[in-house]
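Shown next, in structure tokens, is the structure this report addresses.
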Amino acid sequence: MSAFLQTIRSIVREDCLLTGSASLSAFQSDGLTAFAVRPQAVVIPETEDEVVRIVQACHRDHIPFVPRGSGTSLSGGSLPHCEGIVIALNRLNRILDLNPMQRTATVQPSVINLAVSRAAEPYGLYYAPDPSSQQVCTIGGNLAFNSGGAHCLKYGMTSNHVLGAKIVMPDGEVVSVGGDSIEHEGLDTTGLFCGSEGLMGIATEITLRLLPRPEAFHTVLAGYDTVEQAGEAVAAVIGAGLLPAAMEIMDRLSMKAAREAVGAQYPPDVAAVLIIELDGSQDEVDADRERLDLLLDQSGATAVQVARNAAERLSIWTGRKSVFSAVGRLSPDFIVQDGVVPRGKLGHALSEINAISRESGVPIANVFHAGDGNLHPLILFDGRQDGRCIEPKRWPVGSFVCALNWEVRSLGNMVWGWKNVTS
Numbered sequence: 018m019s020a021f022l023q024t025i026r027s028i029v030r031e032d033c034l035l036t037g038s039a040s041l042s043a044f045q046s047d048g049l050t051a052f053a054v055r056p057q058a059v060v061i062p063e064t065e066d067e068v069v070r071i072v073q074a075c076h077r078d079h080i081p082f083v084p085r086g087s088g089t090s091l092s093g094g095s096l097p098h099c100e101g102i103v104i105a106l107n108r109l110n111r112i113l114d115l116n117p118m119q120r121t122a123t124v125q126p127s128v129i130n131l132a133v134s135r136a137a138e139p140y141g142l143y144y145a146p147d148p149s150s151q152q153v154c155t156i157g158g159n160l161a162f163n164s165g166g167a168h169c170l171k172y173g174m175t176s177n178h179v180l181g182a183k184i185v186m187p188d189g190e191v192v193s194v195g196g197d198s199i200e201h202e203g204l205d206t207t208g209l210f211c212g213s214e215g216l217m218g219i220a221t222e223i224t225l226r227l228l229p230r231p232e233a234f235h236t237v238l239a240g241y242d243t244v245e246q247a248g249e250a251v252a253a254v255i256g257a258g259l260l261p262a263a264m265e266i267m268d269r270l271s272m273k274a275a276r277e278a279v280g281a282q283y284p285p286d287v288a289a290v291l292i293i294e295l296d297g298s299q300d301e302v303d304a305d306r307e308r309l310d311l312l313l314d315q316s317g318a319t320a321v322q323v324a325r326n327a328a329e330r331l332s333i334w335t336g337r338k339s340v341f342s343a344v345g346r347l348s349p350d351f352i353v354q355d356g357v358v359p360r361g362k363l364g365h366a367l368s369e370i371n372a373i374s375r376e377s378g379v380p381i382a383n384v385f386h387a388g389d390g391n392l393h394p395l396i397l398f399d400g401r402q403d404g405r406c407i408e409p410k411r412w413p414v415g416s417f418v419c420a421l422n423w424e425v426r427s428l429g430n431m432v433w434g435w436k437n438v439t440s
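According to the working numbering, the sequence shown is numbered sequentially starting from 18.
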């Protein structure tokens, strides 16, 4: 054992330092499994003091480290360094304080996103950012990536809801930024840290802003004959001056995945569904609902389903939020693209993505935050097949002849290629 690992072993309990091959395999990638690197070791601190001492040891011995939570990111953000260690923060998972009067919660980095809203629910409060992986992703990871979610259209990203943090800097110094108020003086150091992907340090305490739970919701699922029509409906709704809490689109392949994974119910024989949710006071929702109904009727929707109660609303969102994991039922591997186009160009962008899929013979599923034009094409492939891509199971047999490396890199460039045309 190296002198460095002996030092780490002196800091944590014996079972909190992992060096075995099988143990390390679980930490060699995040959700972007096309890229994987095995670290030298994984250390699991249980206190802030242990985090500080581990980081100090890394700084002293020039050992790279990568902090990690649940590993749900899809961009390689928690990819280890082959000569470094992973600092797994999973046991720093306590809600340290919840103040309903101040409408704040102070949490450790590995508190699960959804757990914050559940803890705040008895006080009529909730935590607004809601990534698709909110049942398993951590607040520390959300902070690192400035995560958004379906309702970011109205409520903003993680950066709009983090008030302050205690941070272990790369040399082991502990600093505090921000505070427990939305008002602050001087530089916005909290905003600077949010989205820095762990490069500026490790947050060990995070203070969050909580919001009052809306009085009323109106959740609609509208079906369309083409994905392009659904995209054009988004532009029409926003152009009319409505600001829904969320607007999401799923295409036929995404619906298929969600249907098989969680039994989601969608209108039959539609190419895409548009999910729109209004929230606010009852009077506000009632007024906006009338305008939305008229817009959907004019948009060419072939089927409209309205959630009649909380259970039906939950069912709609469960289907939407299951897609990223559910596509694993259709394809062994996938790579996610992430781009933004003007809302008025959504229909054209989706048409181009579908053309790329047809021309390349590679299935591409589309599920995305339509309200702000944030697209997430999911390119499906089988990483076990050297030099070729194969169709997902139960898809018609086709010829898939692109090399894996070309697919991961060049197909991504193809998807990004329409940005210059549409912006």
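Quick reminder that beta carbons are idealized off the backbone N, C-alpha and C, glycines included.
Secondary structure of residue i, DSSP reduced to three states
i: D314; result: helix
i: N371; result: helix
i: F82; result: strand
i: L347; result: coil
i: T224; result: strand
i: G297; result: strand
i: T123; result: strand
i: A74; result: helix
i: C406; result: Any answer about C406 is weak, because its pLDDT of 44 lies below 50 and its placement is not dependable; what the coordinates show is given next. Coil, per DSSP.
i: A288; result: coil
i: A205; result: Reading the sequence as shown, one finds Asp at residue 205 and not Ala. Coil at D205, not helix or strand.
i: D399; result: coil
i: I112; result: strand
i: L35; result: strand
i: I219; result: strand
i: I102; result: strand
i: L363; result: helix
i: L96; result: coil
i: L392; result: strand
Span of the alpha helix (DSSP H), counted from its first residue to its last, around residue i
i: N107; result: No alpha helix (DSSP H) contains N107, which DSSP labels as neither H nor E.
i: Y172; result: C169 to Y172
i: L49; result: Taken as a continuous stretch (DSSP letters only), L49 belongs to no alpha helix (DSSP H), as it is neither H nor E.
i: I28; result: A20 to I28
i: A524; result: Limits of the chain in this structure are 18 at one end and 440 at the other, which puts residue 524 out of reach.
i: K273; result: R269 to V279
Assumed close pair residue i, residue j - CB separation to whole angstroms, cut-off 8 Å
i: G240; j: A167; result: No, G240 and A167 are not in contact; Cβ-Cβ is about 18 Å, not under 8 Å.
i: E222; j: T123; result: 6 Å
i: Y144; j: H98; result: The pair is not a contact, with the Cβ atoms about 32 Å apart (cut-off 8 Å).
i: V69; j: G189; result: 5 Å
i: D32; j: G93; result: Not really, about 28 Å apart at Cβ, beyond 8 Å.
i: L447; j: S127; result: The structure shown does not extend to residue 447, since the chain is modelled only from 18 through 440, so no value can be given for it.
i: S95; j: G88; result: 5 Å
i: Q354; j: P380; result: No, Q354 and P380 are not in contact; Cβ-Cβ is about 14 Å, not under 8 Å.
i: L291; j: M264; result: 7 Å
Residue burial classification, residue i (beta-carbon count within 10 angstroms, cutoff 16)
i: V103; result: buried
i: F52; result: exposed
i: R135; result: exposed
i: R337; result: buried
i: H235; result: buried
i: H386; result: buried
i: S374; result: buried
i: E7; result: The first residue shown for the chain is 18 and the last is 440, placing residue 7 beyond what the model contains.
i: R216; result: Note on residue identity: the sequence assigns Leu, not Arg, to residue 216. By the 10 Å Cβ count, L216 comes out exposed.
i: N130; result: buried
i: V192; result: exposed
i: Q512; result: With the chain running from 18 to 440 in the structure shown, residue 512 is simply not present.
i: E67; result: buried
i: R30; result: exposed
i: Q299; result: exposed
i: N326; result: exposed
i: M447; result: The question about residue 447 has no answer, for the chain in this structure spans 18 to 440.
Span of the beta strand (DSSP E) around residue i
i: Q57; result: Looking at the DSSP string, Q57 is not in any beta strand (DSSP E), and its letter there is neither H nor E.
i: I381; result: I381 to H386
i: Q354; result: Here Q354 belongs to no beta strand (DSSP E), and DSSP marks it neither H nor E.
i: A324; result: Where A324 is concerned, there is no enclosing beta strand (DSSP E), given that its DSSP letter is neither H nor E.
Starting from the N-terminal side, write out each stretch of the alpha helix (DSSP H) that is 4 residues or longer and does not extend beyond the stretch 234–267.
244–256
Every unbroken alpha helix (DSSP H) within the stretch 127–168, with a cutoff of 4 residues, ordered by chain
130–137 and 156–162
Enumerated in chain order, which unbroken segments of the beta strand (DSSP E) with a length of 3 residues or greater are wholly contained in the stretch 170–201?
179–185 and 191–195
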